Amino acid sequence: MVIFIDDSETALASTKMVTSSMPIEVKQYTQAEVALAEIQAGMTPDLIITDLNMPVMNGFEFLQGLRQIPSTKRTPCLMLTTETKDEMKQKGKALGLTGWIVKPFSPTQLKQAITRVLRLPA
Numbered sequence: 023m024v025i026f027i028d029d030s031e032t033a034l035a036s037t038k039m040v041t042s043s044m045p046i047e048v049k050q051y052t053q054a055e056v057a058l059a060e061i062q063a064g065m066t067p068d069l070i071i072t073d074l075n076m077p078v079m080n081g082f083e084f085l086q087g088l089r090q091i092p093s094t095k096r097t098p099c100l101m102l103t104t105e106t107k108d109e110m111k112q113k114g115k116a117l118g119l120t121g122w123i124v125k126p127f128s129p130t131q132l133k134q135a136i137t138r139v140l141r142l143p144a
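Residue numbers (our numbering): 23 to 144.
Right under this line is the structure:
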């Protein structure tokens with residue numbers, strides 16, 4: 023299962039279109055704290071793709087919480103954001119982020135990232 027977290031309905035609609043033809047189950051959230059609560063309750067995603075700048079809980083805060091859950095310490099997590107600064111990328115890496123995708127993204131770029139991380143047939 024791949025989880026997408028983004029406070030933008032437009033971004034979630036874009037990711038849904040991109041992944042609709044892929045052999046994966048997708049769950050979407052507009053609030054990182056809701057996704058984190060479901061993971062804490064036992065949901066086990068194979069990959070998480072989250073936005074950085076969101077109200078209430080941002081992507082870094084989500085990642086900090088995620089890495090404190092024993093079952094998700096090593097779950098791959100990609101940041102899908104408009105942020106491009108190296109210091110932001112370094113902070114993400116220090117928190118255990120797997121990769122960084124800059125918005126706007128191309129459908130091919132997102133598919134390739136998911137395929138690579140989940141080791142799906144190309």
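For each residue, glycine too, the CB sits at the ideal point set by N, CA and C. All figures in this text were calculated on a predicted structure; none of them were measured in a lab.
Give the DSSP-derived three-state secondary structure of residue i in the structure shown.
i, result
"Thr103", "strand"
"Gln112", "helix"
"Gln90", "coil"
"Ala144", "coil"
"Met127", "Residue identity differs from the one stated: residue 127 is Phe in this sequence, not Met. Coil."
"Arg96", "coil"
"Leu117", "coil"
"Leu132", "helix"
Is residue i near residue j, with beta carbons less than 8 Å apart?
i, j, result
"Gln53", "Lys38", "no"
"Glu55", "Val78", "yes"
"Asp73", "Gly81", "yes"
"Ala57", "Ile25", "yes"
From the DSSP output, read off the bridge partner residues of residue i.
i, result
"Leu69", "Val24"
"Lys49", "Ile25"
Taking the beta strand (DSSP E) that residue i belongs to, which residues open and close that run?
i, result
"Gly121", "Gly121 to Val124"
What are the boundary residues of the alpha helix (DSSP H) that includes residue i?
i, result
"Gln62", "Ala54 to Gln62"
"Lys38", "Glu31 to Thr41"
Quiz item: Counting Cβ pairs, one atom from each stretch, are 3 or more of them under 8 Å apart for the region 56-65 and the region 80-89?
Solution: The answer is yes - the region 80-89 touches the region 56-65, with three or more Cβ pairs under 8 Å.
Quiz item: Counting pairs of beta carbons, one from the region 127-135 and one from the region 91-99, are three or more of them closer than 8 Å?
Solution: A contact is defined here as three or more CB-CB pairs under 8 Å, and the region 127-135 fails this definition with respect to the region 91-99.
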